[in-house]
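Chains as they are written, first to last, in this note's numbering: chain A, 41 to 239; chain B, 7 to 204. Everything on this sheet refers to the single structure shown next.
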Amino acid sequence: MPARCGQCPIIRGLAVVAALALWAPGLRAQVGLASGTATVALTATKAASVSLSLPAGTSATLPGTLVIGPNDFAPITVTTAWEVDPQRTAAVSLVAYFQQPARALASASAAIPASAVLGRVPSGGPKGFAPFVGAPISGGNAVAGAAGGTLVLFTQPIAGANAIGGRSDNLQMRIDLTGAPELPAGSYTGILNLLVITQ
Amino acid sequence: MPFRVGRCVRPRLSLLASGALLAFGVTEAQAQAGTVSAARVIALAVTKTSQLSVTVTSGAVQSIPSLTDNAVNNFPTPVVITTSWDVNPGQTNTVNLMAYFTTPAQALSNGSTQIPSSRVLAQMTTGLPVTFTAITQNAVGGIGTAGGSLRLFSQNISGVNKKASRTDNLNLQINLVGIPTLPIGAYAGTLNLRAVTQ
Chain A
41 MPARCGQCPI IRGLAVVAAL ALWAPGLRAQ VGLASGTATV ALTATKAASV SLSLPAGTSA
101 TLPGTLVIGP NDFAPITVTT AWEVDPQRTA AVSLVAYFQQ PARALASASA AIPASAVLGR
161 VPSGGPKGFA PFVGAPISGG NAVAGAAGGT LVLFTQPIAG ANAIGGRSDN LQMRIDLTGA
221 PELPAGSYTG ILNLLVITQ
Chain B
7 MPFRVGRCVR PRLSLLASGA LLAFGVTEAQ AQAGTVSAAR VIALAVTKTS QLSVTVTSGA
67 VQSIPSLTDN AVNNFPTPVV ITTSWDVNPG QTNTVNLMAY FTTPAQALSN GSTQIPSSRV
127 LAQMTTGLPV TFTAITQNAV GGIGTAGGSL RLFSQNISGV NKKASRTDNL NLQINLVGIP
187 TLPIGAYAGT LNLRAVTQ
């Protein structure tokens with residue numbers, strides 16, 4: 041009578057070995073294997089910004105003639121825009137100043153001091169003409185102005201509602217030679233600087 | 007019960023076994039012939055652990071110093087990523103590199119305002135997103151988050167490259183076109199990178 045191989049202990053033993061080999065877990069766990077996590081730190085900063093523009097862009101010329109007494113220039117529109125963090129910014133100020141107050145305007149032989157130059161902004165701080173004789177103002181680490189040659193044209197308080205905003209103001213300049221010594225005839229030129237500063 | 011060889015194997019083998027016994031021709035030996043113990047087995051199981059790793063070679067810190075509203079803002083330098091693997095090609099079809107944000111709605115945040123992952127785009131010219139693509143896909147193989155993931159590459163595995171690595175450049179950008187103006191502030195987030203086999 042022929043033997044039935046399925047009953048043979050050797051064959052059964054081999055079958056057990058094969059079964060154990062298939063059972064070995066480490067060789068079947070590669071699908072779904074995941075690495076450790078590498079990371080990339082992302083930071084993006086939206087910085088505060090302020091800007092200032094004049095009708096012609098970044099500069100303007102105010103021509104005029106001088107006589108004894110007040111000499112008024114035509115008003116010029118100054119447009120200011122800002123986008124700031126209301127948690128860190130209490131106000132935005134527009135500052136005008138002459139770098140050398142003693143020589144706000146000068147010719148080859150004479151000068152007009154900043155004290156004789158006045159400005160007004162009906163919608164701003166100096167609603168009437170005021171001389172450029174103030175001190176610089178500071179905000180954080182920034183300083184705007186020159187000692188004895190500065191005039192703050194407006195100070196705009198900032199809150200959440202106007203953290204992004206802007207305004208347009210008319211600046212009118214005057215040179216008042218009332219009581220001043222007579223100037224030599226000539227051409228007098230000067231530069232008025234405008235800066236926006238946050239406080 | 008003793009095991010008898012002759013009952014298990016073919017007749018030819020039985021004859022050979024008988025011949026062998028006769029050759030020895032010893033009376034005492036004949037009494038022991040054909041007795042075999044029960045089979046015992048030793049199971050051998052060894053595991054070679056698969057290896058899979060992701061390393062950021064450079065660019066692990068990405069910064070945009072000045073975000074611009076309503077514009078596409080590029081991170082200035084790529085993230086250089088090296089992916090290494092040592093896997094069984096019989097059980098691994100692909101190695102995939104995933105990028106994902108843990109909280110897609112807050113990919114970057116300044117504490118009060120969030121930039122979602124749909125506004126963070128990635129490009130890997132040597133991978134799958136060859137153009138800038140929003141990180142809004144779903145997880146792959148359990149790695150990633152729903153709506154906050156992006157598969158960067160899927161590397162086919164065979165015997166040739168079962169142990170290999172590759173290095174890819176990942177470019178990132180933040181697209182703010184068409185969304186409300188962001189408040190001033192610093193926005194921070196973490197992009198996770200993981201590889202997974204399939």
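For each residue, glycine too, the CB sits at the ideal point set by N, CA and C.
Tell me, please, whether the CB atom of alanine 144 of chain A is closer than 8 Å to any CB atom in chain B?
Translated into the one-based positions of the first sequence, residue 144 of chain A becomes position 104. Alanine 144 of chain A does not count as touching chain B.
Is the stretch 120-128 of chain B touching the stretch 89-99 of chain B in the sense that three or more CB pairs, one from each, lie closer than 8 Å?
At 8 Å Cβ cutoff, the stretches do not touch.
With a threshold of 8 Å on Cβ separation, who are the neighbours of alanine 175 of chain A within its own chain once the five nearest residues in sequence on each side are excluded?
If you number the first sequence from 1, residue 175 of chain A lands on position 135. Gly185, Ala187, Gly188, Thr190.
Do the stretch 82-101 of chain A and the stretch 136-146 of chain A touch if we need at least three Cβ pairs shorter than 8 Å?
Short answer: they don't touch.
Can you tell which of B:Ser64, B:Pro186, B:Ala201, B:Val202 has its C-alpha closest to the C-alpha of aspartate 75 of chain B?
As a working note, residue 75 of chain B is residue 69 in the second sequence. Of B:Ser64, B:Pro186, B:Ala201, B:Val202, the residue nearest in Cα terms is B:Pro186.
DSSP beta-bridge partners for valine 86 of chain B?
Numbered from its first residue, the second sequence carries residue 86 of chain B at position 80. DSSP output for valine 86 of chain B lists B:Ser64, B:Asn175 as bridge partner(s).
Can you tell which of B:Leu188, B:Ile190, B:Lys169 has the C-alpha that lies nearest to the C-alpha of lysine 54 of chain B?
As a first step, residue 54 of chain B is located in the second sequence; it is residue number 48 there, counting from the start. Comparing Cα-Cα distances from lysine 54 of chain B to each of B:Leu188, B:Ile190, B:Lys169, the minimum goes to B:Lys169.
If contact means a Cβ-Cβ distance below 9 Å, which residues of the stretch 63-85 of chain B contact chain A?
Within the stretch 63-85 of chain B, the qualifying residues are Gly65, Ala66, Val67, Gln68, Ser69, Ile70, Pro71, Ser72, Leu73, Thr74, Asp75, Asn79, Phe81, Val85.
Whose Cβ in chain B lies nearer than 7 Å to the Cβ of glycine 205 of chain A?
Within the first sequence, the letter at position 165 stands for residue 205 of chain A. Going along chain B, no residue has its Cβ under 7 Å from glycine 205 of chain A, so there is no contact; the nearest lies around 12 Å.
Compile a chain-ordered list of the residues in the stretch 79-91 of chain A whose CB is closer than 9 Å to at least one CB of chain B.
Listed in sequence order: Thr79, Val80, Ala81, Leu82, Thr83, Ala84, Thr85, Lys86, Ala87, Ala88, Ser89.
Quick check on the burial criterion: 16 or more other C-beta atoms within 10 angstroms. Buried or exposed for alanine 49 of chain B?
Taking the first residue of the second sequence as position 1, residue 49 of chain B is located at position 43. It counts as exposed.
8 Å is my cut-off, CB to CB: does alanine 130 of chain A come that close to chain B?
As a working mapping, residue 130 of chain A is identified with position 90 in the first sequence. Chain B, which has no Cβ nearer than 8 Å to the Cβ of alanine 130 of chain A, makes this no.
For proline 224 of chain A, which residues of its own chain have a beta-carbon under 8 Å away from its beta-carbon, when the five flanking residues on both sides are left out?
Walking along the first sequence from the start, residue 224 of chain A turns up at place 184. For proline 224 of chain A, where only same-chain residues beyond five positions count, the Cβ hits under 8 Å are Ser147, Ser149, Ala150.
Are the C-beta atoms of alanine 220 of chain A and some chain B residue less than 8 Å apart?
Translated into the one-based positions of the first sequence, residue 220 of chain A becomes position 180. Output row for alanine 220 of chain A: interface = no.
So is serine 59 of chain B in contact with chain A if we call contact Cβ pairs under 8 Å?
Within the second sequence, numbered from 1, the residue matching residue 59 of chain B stands at position 53. Closer than 8 Å to some Cβ of chain A, the Cβ of serine 59 of chain B qualifies, so yes.
Measuring straight from C-alpha to C-alpha, what distance separates leucine 156 of chain B and valine 132 of chain A?
Here residue 156 of chain B is taken as the residue at index 150 of the second sequence, counted from 1. Here residue 132 of chain A is taken as the residue at index 92 of the first sequence, counted from 1. Taking the straight line from one Cα to the other gives about 43 Å.
Measure from the alpha carbon of proline 153 of chain A to the alpha carbon of each residue in A:Ile237, A:Ala88, A:Arg214, then state which is nearest.
Numbered from 1 along the first sequence, position 113 holds the residue referred to as residue 153 of chain A. The residue with the shortest Cα to Cα distance from proline 153 of chain A is A:Arg214.
Let me make sure I understand the geometry here. Which of B:Ala39, B:Ser56, B:Gln120, B:Val67 has the alpha-carbon closest to that of isoleucine 87 of chain B?
On the second sequence, residue 87 of chain B is found 81 positions in, with the first residue counted as 1. For isoleucine 87 of chain B, the nearest C-alpha among the options comes from B:Val67.
Given tyrosine 137 of chain A, which residues of its chain have a CB within under 6 Å of its CB, disregarding the five upstream and five downstream residues?
On the first sequence, position 97 is the one that residue 137 of chain A refers to. These residues qualify, in order along the chain: Gly185, Ala186, Gly189, Thr190, Asn233.
With 16 as the cutoff for other CB atoms within 10 Å, does threonine 203 of chain B come out buried or exposed?
The count along the second sequence starts at 1 and reaches residue 203 of chain B at position 197. Counting Cβ neighbours within 10 Å, threonine 203 of chain B comes out buried, since at least 16 surround it.
Can you pull the chain B residues whose beta carbon is under 8 Å from the beta carbon of threonine 77 of chain A, in chain order?
To locate residue 77 of chain A, count along the first sequence from 1; it is residue 37. In chain order: Val60, Asn198, Leu199, Arg200.
Do leucine 94 of chain A and glycine 159 of chain A have their beta-carbon atoms positioned less than 8 Å apart in this structure?
The residue you call residue 159 of chain A lines up with position 119 of the first sequence. The residue you call residue 94 of chain A lines up with position 54 of the first sequence. The answer is no: Cβ separation not under 8 Å.
Using a C-beta to C-beta distance shorter than 8 Å, which residues of chain B count as neighbours of aspartate 308 of chain A?
Outside the shown range of chain A, which is 41 to 239, sits residue 308 of chain A, and nothing can be said about it.
Can at least three beta-carbon pairs, one atom from the stretch 40-48 of chain B and one from the stretch 177-193 of chain B, be found at a separation below 8 Å?
Because the criterion of three Cβ pairs below 8 Å is not met, the stretch 40-48 of chain B and the stretch 177-193 of chain B do not touch.
Under 9 Å Cβ-Cβ, which residues of chain A neighbour isoleucine 141 of chain B?
Residue mapping note: residue 141 of chain B aligns to position 135 of the second sequence, counting from 1. Simply none; closest approach about 11 Å.
With which residues is lysine 86 of chain A paired in a DSSP beta bridge?
Numbered from its first residue, the first sequence carries residue 86 of chain A at position 46. B:Gly191, per the DSSP bridge assignment.
Could you tell me how far apart the beta carbons of glycine 65 of chain B and valine 85 of chain B are, in whole angstroms, since I believe they sit closer than 8 Å?
Locating residue 65 of chain B in the second sequence gives position 59, where the first residue counts as 1. Locating residue 85 of chain B in the second sequence gives position 79, where the first residue counts as 1. About 4 Å; that satisfies the 8 Å criterion.
By Cβ distance below 8 Å, which residues in the same chain neighbour threonine 137 of chain B in space, the five residues on each side in sequence not counted?
Here the question's residue 137 of chain B lines up with position 131 in the second sequence. If we look at threonine 137 of chain B and ignore the five residues flanking it on each side, its Cβ neighbours are Gln129.
For the structure I just gave you, are there three or more beta carbon pairs, one from the stretch 190-202 of chain B and one from the stretch 96-114 of chain B, closer than 8 Å?
As far as the Cβ criterion goes, the stretch 190-202 of chain B touches the stretch 96-114 of chain B, which means the pair count is three or higher.
What's the call for threonine 238 of chain A, buried or exposed, on a 16-neighbour Cβ count within 10 Å?
As a first step, residue 238 of chain A is located in the first sequence; it is residue number 198 there, counting from the start. Buried, because 16 or more other Cβ atoms sit within 10 Å of the Cβ of threonine 238 of chain A.
Starting from glycine 206 of chain A, trace the beta strand (DSSP E) in both directions and tell me its first and last residue.
Against the first sequence, residue 206 of chain A aligns to sequence position 166. Per DSSP, glycine 206 of chain A belongs to the beta strand (DSSP E) from 204-216.
Is threonine 151 of chain B close to chain A? Criterion is C-beta to C-beta, closer than 8 Å.
Translated into positions along the second sequence, residue 151 of chain B becomes position 145. Not closer than 8 Å to any Cβ of chain A, the Cβ of threonine 151 of chain B fails to qualify, so no.
Under 7 Å Cβ to Cβ from asparagine 202 of chain A, same chain only, skipping five residues before and after it: list those, please.
The count along the first sequence starts at 1 and reaches residue 202 of chain A at position 162. No residues qualify anywhere along the chain.
Mind checking who glutamate 123 of chain A pairs with in its DSSP beta bridge?
In the first sequence, counting from the first residue as 1, residue 123 of chain A sits at position 83. Per DSSP, A:Ser89, A:Ile204.
DSSP state of glutamine 204 of chain B, grouped into three classes?
In the second sequence, residue 204 of chain B corresponds to position 198, counting from 1. Glutamine 204 of chain B: coil per DSSP, three-state reduction.
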